[in-house]
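Written out below as structure tokens is the structure these notes cover.
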Amino acid sequence: WICAFCVNQHLTICNGFPPEPPRDSPEWLRFQAHACDSLTLQRHPCCACSEPKCWEGDHSETNKFDDIMKLLSLRVPSLRQVVAIDR
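In this text, residue positions in the sequence shown follow this note's numbering: the first is 1123, and each later residue adds one.
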């Protein structure tokens, strides 16, 4: 199971970014770091699809990771997790 292939990015992040936190706050600096490519420092491009966005709630595909990992660990006792982090 590969998480990146199981999430429809067009339901969440493809056409923009969540609302920006107040400028120069720690949250804003974190937001800026995620909004830009870590190598080129250019803002990530956005697509022009018309898919309705859902960042939170039952219809969101990005807030279920903990639930899925718990379910998988119960059903597959030998489950192992590999985490790859950029930066």
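Glycine included, each C-beta is placed from N, C-alpha and C at the ideal position.
Computed from a predicted structure; not experimentally measured.
If you draw a straight line from the alpha carbon of residue i to that of residue j, how long is it in whole angstroms?
i: phenylalanine 1139; j: tryptophan 1177; result: 10 Å
i: isoleucine 1207; j: cysteine 1158; result: 15 Å
i: leucine 1196; j: aspartate 1188; result: 12 Å
i: asparagine 1130; j: leucine 1163; result: 25 Å
i: glutamine 1203; j: serine 1147; result: 33 Å
i: isoleucine 1190; j: proline 1199; result: 14 Å
i: tryptophan 1154; j: serine 1160; result: The displayed chain sequence assigns glutamine, not tryptophan, to residue 1154. If I take the Cα positions, the gap works out to 10 Å.
i: asparagine 1185; j: glycine 1179; result: 8 Å
If I measure Cβ to Cβ from residue i and keep anything under 7 Å in the same chain, skipping five residues before and after, which residues do I get?
i: glutamate 1149; result: Pro1143
i: lysine 1145; result: In the sequence as presented, lysine is not what sits at residue 1145; that position holds arginine. Excluding sequence neighbours, arginine 1145 sits near nothing in its chain.
Quickly, what does DSSP pair residue i with across the bridge? List them, please.
i: cysteine 1158; result: Arg1165
Which residue's Cα is closest to the Cα of residue i: the options?
i: cysteine 1168; options: Lys1192, Leu1161, Cys1136 and Glu1183; result: Cys1136
i: leucine 1133; options: Val1205, Lys1192, Lys1186 and Cys1171; result: Cys1171
i: histidine 1166; options: His1156, Arg1152 and Glu1173; result: His1156
Leaving out five residues on either side along the sequence, give the residues of the same chain with a beta carbon under 6 Å from the beta carbon of residue i.
i: serine 1182; result: Cys1176
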